[in-house]
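Working notes for the structure below.
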Amino acid sequence: LLDEREMVEVQGLVQKPGKILIYPSDSLDEVISQASGLGAPGEKGEQPKFVHIFSSNGSTHVVALRDYYAGLSPLDIHWRGGDRVFFQSEQPQNMEDSEYTDGSVRASIQVLGQVQKPGIYPYSDTQGFYYYFSAAGGPTELSNFRAIEVIRARDGKQTSSFYNLTDSKVPNIQADDIIIVHALEDDETVVNATSVLNSIATAILAALAF
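If you want my numbering, it's the position in the sequence shown, counting the first as 1, plus 136.
Next comes the structure, spelled out in structure tokens:
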């Protein structure tokens with residue numbers, strides 16, 4: 137028989153981020169189980185409070201894990217190949233928080249994947265990639281500095297670009313971009329990231345100056 141499972145990517149605050157195979161009707165609990173449980177790796181790994189699902193058909197779902205386990209927010213998902221699941225500590229912006237008093241939408245940056253505090257952060261045209269990277273708490277021990285993805289939607293079209301921070305290729309960030317810090321693959325080793333960490337430290341100091 138053909139394997140009817142779908143490949144789904146799991147990132148964020150889980151023990152083993154990466155790609156998993158699940159059946160279309162599997163529950164969120166099965167996703168968590170295949171990612172070896174919730175929480176960033178380490179004795180004091182931060183625990184997620186929300187799950188943010190980007191379906192390959194273009195739809196998105198956000199559920200508070202507390203409500204999910206209390207049975208208040210049932211998650212009826214039919215998994216498809218290419219779906220992305222992010223477990224994060226910060227609550228995604230709701231529409232009330234994302235609008236100015238005149239009704240215009242406030243620009244933001246989403247930082248997802250292998251950072252300490254995945255979530256949505258206000259956009260500023262005076263800040264760059266490392267500012268948002270540091271605002272999201274910086275890297276986890278599984279961050280792959282060679283695989284930084286920036287997703288950008290313009291005029292109804294979505295583009296995805298990858299960057300290698302170890303080659304000093306820093307993404308140019310624009311309003312409403314989505315930054316995804318991918319996890320190291322099983323056969324990859326941690327790279328020498330001194331320059332990356334120095335850039336994060338510089339961004340933190342610059343932010344404190346304002």
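Every residue gets a Cβ at the ideal spot worked out from N, C-alpha and C, and that includes glycine.
Just so it is clear, the structure is predicted and the values come from calculations on it, not from any experiment.
Excluding sequence positions up to five away, which residues of its chain have a Cβ less than 8 angstroms from the Cβ of residue i?
i: F186; result: V198, V199, A200, L201, F223, Q224, S225, E226, Q227 and P228
i: M143; result: K155, I156, L157, G217 and G218
i: N300; result: F281, R282, A283 and I284
i: T237; result: The predicted model places T237 with a pLDDT of 37, which falls under 50 and marks its position as unreliable; any figure quoted below should be read in that light. Once the five neighbours on either side are set aside, T237 has no close Cβ partner at all.
Determine which residues share a DSSP beta bridge with residue i and list them.
i: L174; result: V150
i: F190; result: T196 and R220
i: A87; result: Within the shown structure, residues of the chain are numbered from 137 to 346, placing residue 87 beyond reach of any answer.
i: V144; result: I156
i: I314; result: Q246 and I287
i: V167; result: DSSP output for V167 lists no bridge partner at all.
Report the CB separation of residue i from residue j in whole angstroms; it is logged as a contact under 8 angstroms.
i: V286; j: V221; result: Incorrect: roughly 19 angstroms between the Cβ atoms, too far for contact.
i: A272; j: Q252; result: 7 angstroms
i: Q263; j: R288; result: Actually they do not touch by this definition, with Cβ atoms about 17 angstroms apart.
i: T258; j: G148; result: It should be pointed out that residue 258 corresponds to Pro in this sequence rather than to Thr. About 20 angstroms separates the two Cβ atoms, so there is no contact after all.
State the start and end residues of the unbroken beta strand (DSSP E) segment that holds residue i.
i: Y299; result: K293 to Y299
i: Y259; result: First-last for Y259: undefined, no H or E at that position.
Going by beta carbon distance, what residues of the same chain come within less than 6 angstroms of residue i, once the five residues before and after it are set aside?
i: I316; result: L248, G249 and E285
i: S172; result: Q151 and K152
i: P307; result: F265, V286 and Y299
i: S192; result: R216, G218 and D219
i: I279; result: As written in the sequence, residue 279 is Ser, which differs from the Ile given in the question. Same-chain partners within the cutoff: Q250 and V317.
Could you give the first and the last residue of the continuous alpha helix (DSSP H) run that contains residue i?
i: R202; result: L201 to Y205
Got a sec: does the ligand MG put a non-hydrogen atom nearer than 6 angstroms to the Cβ of residue i?
i: Q170; result: Looking for the ligand MG in the displayed structure turns up nothing, as the structure carries no ligands at all.
Pick helix, strand or coil for residue i, following the three-state DSSP scheme.
i: A271; result: helix
i: V306; result: coil
i: V241; result: Reliability fails at V241, whose pLDDT of 48 lies under 50, so the model's placement of it is uncertain and the value that follows must be treated cautiously. If DSSP states are grouped into helix, strand and coil, V241 belongs with the strands.
If you drop the 5 nearest sequence neighbours on each side, which residues of the same chain put their C-beta closer than 7 angstroms to that of residue i?
i: S195; result: none
i: V146; result: P153, G154, I156, V167, A171 and V221
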